[in-house]
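Asker:
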Amino acid sequence: MSSLEAGLLQPKATFPLEWLGSRLSPLSYSSRRHHSFLHQWTCSKQEEVLVVVGGGAAGVFGAIRAKSLCPSLNVFVLEQNQLLAKVKISGGGRCNVTTALYENPLLLAEQYPRGHKELRGSFFRSHGPMDTVSWFTERGVILKTEDDGRMFPASNTSSTIVDCLLTEAHKLGVGLQTKVSVSKVLQSSDSKFDVCTGGTKFSSSSIKADYLLLATGGTPKGFDLAKGLGHNVIDPRPSLFTFKVADSQLQELAGVSFPVVHAELQVKGQKHKNPRLTQAGPMLITHWGLSGPVVLRLSAWGARDLFSADYQGILWIDFEPKLSQEDLLGVLNAQRKYASKKKLGSFAPSDLSLVRRFWEYLLLKVEIDPDKVWATLNTTAARKLAALIKHCPFHINGKGEFKDEFVTSGGVPLVEVDLNSMESRICPCLYLAGEVLNVDGVTGGFNFQNAWTGGFIAGTSIGLRSNENSMH
Numbered sequence: 001m002s003s004l005e006a007g008l009l010q011p012k013a014t015f016p017l018e019w020l021g022s023r024l025s026p027l028s029y030s031s032r033r034h035h036s037f038l039h040q041w042t043c044s045k046q047e048e049v050l051v052v053v054g055g056g057a058a059g060v061f062g063a064i065r066a067k068s069l070c071p072s073l074n075v076f077v078l079e080q081n082q083l084l085a086k087v088k089i090s091g092g093g094r095c096n097v098t099t100a101l102y103e104n105p106l107l108l109a110e111q112y113p114r115g116h117k118e119l120r121g122s123f124f125r126s127h128g129p130m131d132t133v134s135w136f137t138e139r140g141v142i143l144k145t146e147d148d149g150r151m152f153p154a155s156n157t158s159s160t161i162v163d164c165l166l167t168e169a170h171k172l173g174v175g176l177q178t179k180v181s182v183s184k185v186l187q188s189s190d191s192k193f194d195v196c197t198g199g200t201k202f203s204s205s206s207i208k209a210d211y212l213l214l215a216t217g218g219t220p221k222g223f224d225l226a227k228g229l230g231h232n233v234i235d236p237r238p239s240l241f242t243f244k245v246a247d248s249q250l251q252e253l254a255g256v257s258f259p260v261v262h263a264e265l266q267v268k269g270q271k272h273k274n275p276r277l278t279q280a281g282p283m284l285i286t287h288w289g290l291s292g293p294v295v296l297r298l299s300a301w302g303a304r305d306l307f308s309a310d311y312q313g314i315l316w317i318d319f320e321p322k323l324s325q326e327d328l329l330g331v332l333n334a335q336r337k338y339a340s341k342k343k344l345g346s347f348a349p350s351d352l353s354l355v356r357r358f359w360e361y362l363l364l365k366v367e368i369d370p371d372k373v374w375a376t377l378n379t380t381a382a383r384k385l386a387a388l389i390k391h392c393p394f395h396i397n398g399k400g401e402f403k404d405e406f407v408t409s410g411g412v413p414l415v416e417v418d419l420n421s422m423e424s425r426i427c428p429c430l431y432l433a434g435e436v437l438n439v440d441g442v443t444g445g446f447n448f449q450n451a452w453t454g455g456f457i458a459g460t461s462i463g464l465r466s467n468e469n470s471m472h
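Quick note on the UniProt record's numbering: the sequence shown kicks off at 1 and runs consecutively.
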């Protein structure tokens with residue numbers, strides 16, 4: 001935790017959560033050890049309250065937006081663990097804030113395996129990647145774009161993003177509270193929410209709220225809260241993971257990378273070919289199998305099918321997508337003439353983008369002795385080698401981890417939420433944003449952009465609504 005983050009969590013004075021339930025304006029209160037506490041706030045009966053459950057990207061951004069539009073709105077963010085924890089650890093500690101894919105909202109929506117149809121409308125037009133870049137730039141955070149379109153803070157540290165968000169929340173007067181567990185939420189006949197925290201006889205409390213923003217990420221507790229308020233939940237499944245491959249010779253090549261491969265995933269038991277399970281991009285060999293952007297994209301699009309198949313399947317790789325199989329055969333024949341006295345294993349064709357260690361791996365897979373010279377390569381062996389380079393199978397037998405992003409497919413169905421406001425179609429004054437919804441993107445900043453956009457829309461709707469109410 002940065003010093004700034006720690007400082008923002010130290011209230012000047014504290015009062016029990018029950019205080020908000022009664023809407024009193026206490027002048028003083030003697031704290032007792034068995035109470036849970038929030039920052040000091042003074043609420044009159046006319047002032048409305050927004051409680052945000054979840055202190056991640058969507059929750060904090062939504063709280064900031066609502067408070068900026070309606071300063072009289074009392075905004076409280078309740079987080080069980082650490083604020084902005086995913087923001088802090090994502091991207092290897094650098095935070096992949098967003099994507100440079102901001103000119104075409106339709107193309108942007110296509111990067112979401114769950115949500116690509118529903119997000120084609122006004123969602124990203126309300127607050128897209130360019131708006132995210134502008135928001136941070138206006139607050140002194142410079143973002144840079146890498147070759148693959150991912151955008152990071154120029155400082156190369158996620159603390160820059162965390163500090164910016166917490167500073168803005170503090171400046172606006174958003175109440176930030178950690179170590180608070182929301183046990184249940186009840187809605188009364190007047191549409192007010194009773195947000196119950198704690199859960200033991202020594203620490204249970206409740207907060208009365210006019211608006212509730214559920215931004216709990218892909219957590220079981222968040223899904224339970226949504227169910228308790230009348231929503232359905234599509235069973236959560238992991239997304240964005242690497243592939244385990246049981247091949248000891250391949251694992252010895254850990255660290256070998258490929259700039260661009262063409263990959264097709266065949267899930268065990270899959271009856272119909274899914275065009276989404278064909279992707280192109282960089283790939284990396286790991287100690288347990290295969291990783292890299294192309295694998296992660298396939299894992300996202302195949303997340304639910306792979307779960308059903310117990311993560312079994314075949315990954316077909318084309319290592320030279322720019323060359324046809326006949327072109328490859330021509331390259332091998334030319335090499336046989338040019339380097340006839342050179343060893344096959346130590347003298348790979350320069351026209352191919354394969355490092356020596358992996359080239360030897362391919363030779364062994366088609367039973368070609370790397371120590372023999374090129375002149376011994378017959379036409380049959382050359383054809384087998386060319387076919388393997390263009391269509392190399394890897395048998396997937398499990399999923400690995402991808403620590404830079406933790407993403408869940410599943411959640412509250414988008415049909416149950418008005419994406420123009422992020423308000424529930426089932427429970428009035430309830431708003432949902434982020435991974436609690438059945439939305440997940442491929443790797444590259446798309447999941448954070450979903451959080452910024454959803455939080456912004458929800459915060460805008462709540463802020464404007466509260467502003468209007470305060471004028472009556």
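For glycine and all other residues, C-beta sits at the position ideal for the given N, C-alpha and C.
1) Measuring alpha carbon to alpha carbon, tell me which of A303, T286, V60, N96 ends up nearest G149.
2) Does the Cβ of K390 have 16 or more other Cβ atoms within 10 Å, making it buried, or fewer, making it exposed?
3) If you scan the segment 285-333 from start to end, which runs of the beta strand (DSSP E) of 3 or more residues do you find wholly inside it?
4) On the criterion of 16 or more Cβ atoms from any shown chain inside 10 Å, does E138 qualify as buried, or is it exposed?
5) Tell me which residues share the same chain as T408 and place their Cβ nearer than 8 angstroms to its Cβ, disregarding the 5 neighbours each side in the sequence.
6) How would you write the range of the alpha helix (DSSP H) that V53 sits in, first residue to last?
7) Classify A57 as helix, strand or coil using the three-state DSSP reduction.
8) Mapping the DSSP letters down to three states, classify E264 as helix, strand or coil.
9) Go to P238, then tell me how far its beta strand (DSSP E) extends in each direction, as first and last residue.
10) Kindly list the residues whose CB is nearer than 6 angstroms to the CB of D351, restricted to its own chain and excluding five residues on each side of it in sequence; keep chain order.
11) Following the continuous alpha helix (DSSP H) through M151, name the residue where it begins and the one where it ends.
12) With L265 and G228 assumed to form a contact (beta carbons below 8 angstroms), what rounded beta-carbon distance in angstroms separates them?
13) What do you get for V60, buried or exposed, if any count of 16 or more other CB atoms within 10 angstroms of its CB means buried?
14) If you count every other CB in all the chains shown that lies within 10 Å of the CB of Y102, and 16 or more means buried, which is it?
15) On the three-state DSSP scale, how would you describe C196?
16) Since Y211 is in the beta strand (DSSP E), which residue starts that stretch and which ends it?
17) Do you know how far the Cα of M151 is from the Cα of Q335?
18) In whole angstroms, give me the CA-to-CA distance for L328 and A386.
19) Leaving out five residues on either side along the sequence, give the residues of the same chain with a beta carbon under 6 angstroms from the beta carbon of F394.
20) Give the straight-line distance between the Cα atoms of F347 and R356, rounded to the nearest whole angstrom.
21) Please name the residue, chosen from G175, P153, G140, that lies closest to K67 on a Cα-to-Cα basis.
22) What first and last residue would you give for the beta strand (DSSP E) that runs through Q177?
23) Can you list, in chain order, the residues of its chain with a C-beta nearer than 8 angstroms to that of I426? Leave out the 5 residues immediately preceding and following it.
24) Does the pairing of the segment 49-58 with the segment 454-466 give three or more beta-carbon distances under 8 angstroms?
25) Run through the DSSP bridge pairs and tell me what S159 is partnered with.
26) Based on Cα-Cα distance, which residue from F193, A300, V185 lies nearest to T277?
27) Please classify E168: is it buried, with 16 or more other beta-carbons within 10 angstroms of its beta-carbon, or exposed?
28) Which same chain residues end up closer than 6 angstroms to G463 when comparing Cβ atoms and leaving out the 5 residues on each side of it in sequence?
29) Please state the DSSP three-state secondary structure of F347.
30) Figure out for me which residue from H472, Q279, K208 has the closest Cα to the Cα of P293.
31) Closest to E252 by C-alpha separation, out of Q80, W374, G269, I285, would be which residue?
32) If we call anything under 8 angstroms between Cβ atoms a contact, is V442 one with L306?
33) Taking 8 angstroms as the cut-off, decide whether the C-beta atoms of G115 and I234 are in contact.
34) Shortest alpha-carbon distance to V373 belongs to which of E401, R383, L344?
35) From the DSSP output, read off the bridge partner residues of R114.
36) Give the secondary structure of S409 by DSSP, where H, G and I count as helix, E and B as strand, and everything else as coil.
Answerer: Judging by the given coordinates:
1) Along the sequence shown, one-based indexing puts residue 149 at 149. Of the candidates A303, T286, V60, N96, the one whose C-alpha sits nearest the C-alpha of G149 is N96.
2) Taking the first residue of the sequence shown as 1, we reach residue 390 at position 390. K390 comes out buried.
3) 289-291, 312-318
4) For the purposes of this step, residue 138 is taken as the residue at position 138 of the sequence shown. When all chains shown are included, E138 counts as exposed.
5) Reading the sequence shown from its first residue, position 408 is the one you call residue 408. Closer than 8 angstroms at the Cβ level, and outside the excluded window around T408, lie G217, G218, P236, R237, P238, S239, E435, D440.
6) As a first step, residue 53 must be located in the sequence shown, where it is residue number 53. Not the alpha helix (DSSP H): V53 falls in the beta strand (DSSP E), residues 49-53.
7) For the purposes of this step, residue 57 is taken as the residue at position 57 of the sequence shown. Looking at A57 - three-state DSSP - the assignment turns out to be helix.
8) For this step, residue 264 is matched to residue 264 along the sequence shown. It is a strand residue.
9) Within the sequence shown, numbered from 1, the residue matching residue 238 stands at position 238. Looking at the DSSP string, the run of the beta strand (DSSP E) that includes P238 is 234-239.
10) The residue given as residue 351 occupies position 351 in the sequence shown. Here the set comprises V331.
11) The residue given as residue 151 occupies position 151 in the sequence shown. M151 -> not in any alpha helix (DSSP H); beta strand (DSSP E) instead, spanning 150-153.
12) Taking the sequence shown and counting its residues from 1, one reaches residue 265 at position 265. Taking the sequence shown and counting its residues from 1, one reaches residue 228 at position 228. Between G228 and L265 the Cβ distance is about 37 angstroms, and since that is not below 8 angstroms, they are no contact.
13) The count along the sequence shown starts at 1 and reaches residue 60 at position 60. Buried is the call here.
14) The sequence position of residue 102 within the sequence shown is 102, counting from 1. Its Cβ being crowded by 16 or more others within 10 Å, Y102 is buried.
15) Locating residue 196 in the sequence shown gives position 196, where the first residue counts as 1. DSSP places C196 in strand when its eight states are reduced to three.
16) Position 211 of the sequence shown holds residue 211. Residues 211-214.
17) Along the sequence shown, one-based indexing puts residue 335 at 335. Along the sequence shown, one-based indexing puts residue 151 at 151. Roughly 42 angstroms between the two C-alpha positions.
18) Working through the sequence shown from its first residue, we reach residue 328 at position 328. Working through the sequence shown from its first residue, we reach residue 386 at position 386. Whole-angstrom Cα-Cα distance: 6 angstroms.
19) As a position in the sequence shown, residue 394 is number 394, starting the count at 1. Once the five neighbours on either side are set aside, the close Cβ partners of F394 are V245, L315.
20) Position 347 of the sequence shown holds residue 347. Position 356 of the sequence shown holds residue 356. Cα to Cα, F347 sits roughly 8 angstroms from R356.
21) Looking up residue 67 in the sequence shown gives position 67. Checked all of G175, P153, G140; the closest Cα to K67 is G175.
22) On the sequence shown, position 177 is the one that residue 177 refers to. Run containing Q177: 175-177, per the beta strand (DSSP E) assignment.
23) The sequence position of residue 426 within the sequence shown is 426, counting from 1. Answer for I426: L229, G230, H231, E416, listed in chain order.
24) yes
25) Locating residue 159 in the sequence shown gives position 159, where the first residue counts as 1. The partner list for S159 (beta bridge, DSSP) is empty, contrary to what the question assumes.
26) Here the question's residue 277 lines up with position 277 in the sequence shown. Position check: residue 277 holds Leu in this sequence, whereas Thr was assumed. Out of F193, A300, V185, A300 has the C-alpha closest to the C-alpha of L277.
27) Taking the first residue of the sequence shown as position 1, residue 168 is located at position 168. The residue is buried, with at least 16 neighbouring Cβ atoms inside 10 Å.
28) For this step, residue 463 is matched to residue 463 along the sequence shown. These residues qualify, in order along the chain: A66, L69, C70.
29) Working through the sequence shown from its first residue, we reach residue 347 at position 347. Here F347 sits in coil by DSSP.
30) The residue you call residue 293 lines up with position 293 of the sequence shown. Out of H472, Q279, K208, Q279 has the C-alpha closest to the C-alpha of P293.
31) What you label residue 252 is simply residue 252 of the sequence shown in a count that begins at 1. Ranking Q80, W374, G269, I285 by Cα distance to E252 puts I285 first.
32) Numbered from its first residue, the sequence shown carries residue 442 at position 442. Numbered from its first residue, the sequence shown carries residue 306 at position 306. Contact flag unset, no.
33) For the purposes of this step, residue 115 is taken as the residue at position 115 of the sequence shown. For the purposes of this step, residue 234 is taken as the residue at position 234 of the sequence shown. No, the pair does not count as a contact, with Cβ atoms beyond the cut-off.
34) Position 373 of the sequence shown, counting from 1, holds the residue named residue 373. For the residues E401, R383, L344, the minimum Cα distance to V373 belongs to L344.
35) The residue given as residue 114 occupies position 114 in the sequence shown. According to DSSP, which records beta bridges pairwise, R114 is partnered with D440.
36) As a first step, residue 409 is located in the sequence shown; it is residue number 409 there, counting from the start. Three-state DSSP puts S409 in a strand.
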